[in-house]
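**Student:**
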Amino acid sequence: MIKYEHAPDIKQQILHVAKGIGVNHNFDRVICMRSRGSKARYTIARCYSMPRVMQKAFGMKAHYIIEVIGEKFDGMSEEEKVKTLIHELLHIPKSFGGGLKGHGHVNKKAIDRLYRDYMENCRK
Ligand SMILES: [Zn+2]
Numbered sequence: 004m005i006k007y008e009h010a011p012d013i014k015q016q017i018l019h020v021a022k023g024i025g026v027n028h029n030f031d032r033v034i035c036m037r038s039r040g041s042k043a044r045y046t047i048a049r050c051y052s053m054p055r056v057m058q059k060a061f062g063m064k065a066h067y068i069i070e071v072i073g074e075k076f077d078g079m080s081e082e083e084k085v086k087t088l089i090h091e092l093l094h095i096p097k098s099f100g101g102g103l104k105g106h107g108h109v110n111k112k113a114i115d116r117l118y119r120d121y122m123e124n125c126r127k
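Those letters in the sequence shown? Residues 4 to 127, per the working numbering, in order.
Below, the structure is given as structure tokens:
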């Protein structure tokens, strides 16, 4: 069974990365979780949205969850971690309405470009 825990360390890193690449969301509504015990072989992280029907049903505004797979993510290099978090951030649309962007939008070229932006902004 997969175990989940809140990941304030990932939240801090997400905030830092988002700032570095100029992404502005309401990060109070981006929840970061770390899982352990996932059987997924190639997944490092995942992004979940809250569909509009659930927002309506629960009387809540849209929220997003970024989950990192602890066994994979925690052992990666800083560069890989940042790129993974950029990848997950790109899945969240600007509208922040409850949908997710697909891998036509979230691709290596976009991630590499934003990673360069991030590195430049970090040096400032
Ligand atoms: Zn993805």
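The C-beta atom is built at its ideal place from N, Cα and C for all residues, glycine as well. In this text the structure is predicted, and so the values were computed from the model without any measurement.
Going by C-alpha distance, which of K112, G107, I47 is nearest G78?
**Tutor:** The shortest Cα separation from G78 among K112, G107, I47 belongs to I47.
**Student:** For K6, which residues does DSSP report across the bridge?
**Tutor:** Answer is R39, bridged to K6.
**Student:** Can you tell me where the beta strand (DSSP E) holding K48 begins and where it ends?
**Tutor:** Just to set this straight, residue 48 is Ala in the shown sequence, not Lys. Here the beta strand (DSSP E) through A48 covers 48-52.
**Student:** So what does DSSP say about Y140, is it helix, strand or coil?
**Tutor:** Any question about residue 140 goes unanswered here, given that the chain covers just 4 to 127.
**Student:** On the DSSP bridge list, what partners appear for V33?
**Tutor:** Paired residues: Y67.
**Student:** Are the beta-carbon atoms of I72 and R49 separated by less than 9 Å?
**Tutor:** Yes, the pair counts as a contact, with Cβ atoms nearer than the cut-off.
**Student:** Do you know how far the Cα of R119 is from the Cα of Y7?
**Tutor:** Taking the straight line from one Cα to the other gives about 31 Å.
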